[in-house]
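Anchor point for the sequence shown: position 55 equals 55 in the numbering used here, and the numbering is continuous, going up by one each time.
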Amino acid sequence: MKLLVIIAHGSRLESSNKEIQNLAEKLIINNIDDNLKITYAFLELCEPTIYKSIKNEIVNGCNEIEVFPYFLAAGKHVKDDIPKEIDKLKEEYPDIKFKILPHLGSCKEIVPLIFSQLQDKE
1 MKLLVIIAHG
11 SRLESSNKEI
21 QNLAEKLIIN
31 NIDDNLKITY
41 AFLELCEPTI
51 YKSIKNEIVN
61 GCNEIEVFPY
71 FLAAGKHVKD
81 DIPKEIDKLK
91 EEYPDIKFKI
101 LPHLGSCKEI
111 VPLIFSQLQD
121 KE
């Protein structure tokens, strides 16, 4: 079973964290792949942590993990912190396949998405 993990920063504002949970729920609802589970995790400040979220899904049968850094820029969290968290899991679970996907801000679809927000929504 494959797992997609949306990784966000985490916030002290519960409403901000709820946005990530809601995004994951929308992805789950729209998922048409029976072999794909979707969840979310936070890098810091709140739960579930990356480690806890992924470990829980490994215990439940996921053996291929892809993480999507939900970050606009490739700063320290994207370049260092997330890979370090995944490296810890790789050491603990050497038989599990891990892949870090490109971060949100690097996706080519972000440019038309931003322009689409300028269009008249009437």
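Cβ coordinates follow ideal geometry from the N, Cα and C atoms, glycine included. None of the values given here were measured: they were computed from a predicted structure.
For the alpha helix (DSSP H) containing residue i, list its first residue and its last residue.
| i | result |
| --- | --- |
| Leu27 | 14-30 |
| Leu113 | 110-116 |
Strictly by DSSP, which residues pair up with residue i?
| i | result |
| --- | --- |
| Phe98 | Ile65 |
Spatial neighbours of residue i within its chain, please: C-beta separation below 6 Å, excluding the five flanking residues on both sides.
| i | result |
| --- | --- |
| Asn63 | Ile96 |
| Leu3 | Lys37, Glu57, Cys62, Ile65 |
Applying the 10 Å Cβ sphere with the 16-neighbour rule, what's the burial state of residue i?
| i | result |
| --- | --- |
| Pro102 | exposed |
| Ser116 | exposed |
| Val78 | buried |
Could you spell out where the beta strand (DSSP E) holding residue i opens and where it closes?
| i | result |
| --- | --- |
| Leu3 | 2-8 |
Looking only at its chain, what residues have a beta carbon closer than 7 Å to the beta carbon of residue i, apart from the 5 residues adjacent to it on each side?
| i | result |
| --- | --- |
| Met1 | Asn35, Lys37, Gly61, Cys62, Asn63 |
| Tyr93 | Ile58 |
| Gln21 | Tyr40 |
Considering only residues of the same chain and omitting the five flanking positions on each side of residue i, which have a CB-CB separation below 8 Å?
| i | result |
| --- | --- |
| Val111 | none |
My parser needs the beta strand (DSSP E) runs of 3 or more residues fully inside the stretch 20-91; what are they? Secondary structure in the stretch 20-91: the beta strand (DSSP E) runs of 3 residues or longer, each lying completely within the stretch, are 36-42, 64-69 in chain order.
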